[in-house]
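**Q**
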Amino acid sequence: MEFVATPEFLERYERLSDPAAECVDDAIRRLTADPGSAWARQNRVVGEHGSAWLFPIRCGQEDCALYWRQPESHDDPIQLLLLLER
Numbered sequence: 161m162e163f164v165a166t167p168e169f170l171e172r173y174e175r176l177s178d179p180a181a182e183c184v185d186d187a188i189r190r191l192t193a194d195p196g197s198a199w200a201r202q203n204r205v206v207g208e209h210g211s212a213w214l215f216p217i218r219c220g221q222e223d224c225a226l227y228w229r230q231p232e233s234h235d236d237p238i239q240l241l242l243l244l245e246r
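Going letter by letter, the sequence shown gives residues 161 to 246 in the working numbering.
This is the structure:
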């Protein structure tokens, strides 16, 4: 499955250390391989623009959380919305 990232996601991603970026890359690969898994959909957030999910990524001292959504059409790419510091 393909994905797209918001400018806000990319801004934070570009500031990660190499080891933390590897952790995030692994999480993105896992997410795109199985976006319907319980791991990927741990914390559902519902708002006026639909649903999104938030899951933690453990990377030593640079732990973060990935906020993402899947459009209504599963043919559209996954959207990586934010990468939040924890």
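Think of the CB as a built atom: it goes at the ideal place given N, C-alpha and C, for glycine as much as any other residue.
1) Once DSSP output is grouped into helix, strand and coil, what is the label at Pro167?
2) In the DSSP output, which residue or residues are listed as bridge partners for Ser211?
3) What does a CB cutoff of less than 8 Å around Met161 pick up in its chain, not counting 5 residues either side in sequence?
4) If you check the beta carbons only, do Ala180 and Glu222 fall under 8 Å apart?
5) In this structure, how does DSSP classify Arg246 when only helix, strand and coil are distinguished?
**A** Quick answer:
1) Start at 1 with the first residue of the sequence shown, and residue 167 comes out as number 7. Correct three-state label for Pro167: helix.
2) The residue you call residue 211 lines up with position 51 of the sequence shown. DSSP, once it has assigned bridges, lists Val206 as partnering Ser211.
3) As a first step, residue 161 is located in the sequence shown; it is residue number 1 there, counting from the start. Cβ within range, chain order: Thr192, Ala193, Pro195, Pro237 and Ile238.
4) Counted from its first residue, the sequence shown places residue 180 at position 20. Counted from its first residue, the sequence shown places residue 222 at position 62. At the C-beta level, Ala180 and Glu222 come within 8 Å of one another.
5) Within the sequence shown, numbered from 1, the residue matching residue 246 stands at position 86. Note: Arg246 maps to coil in three-state DSSP.
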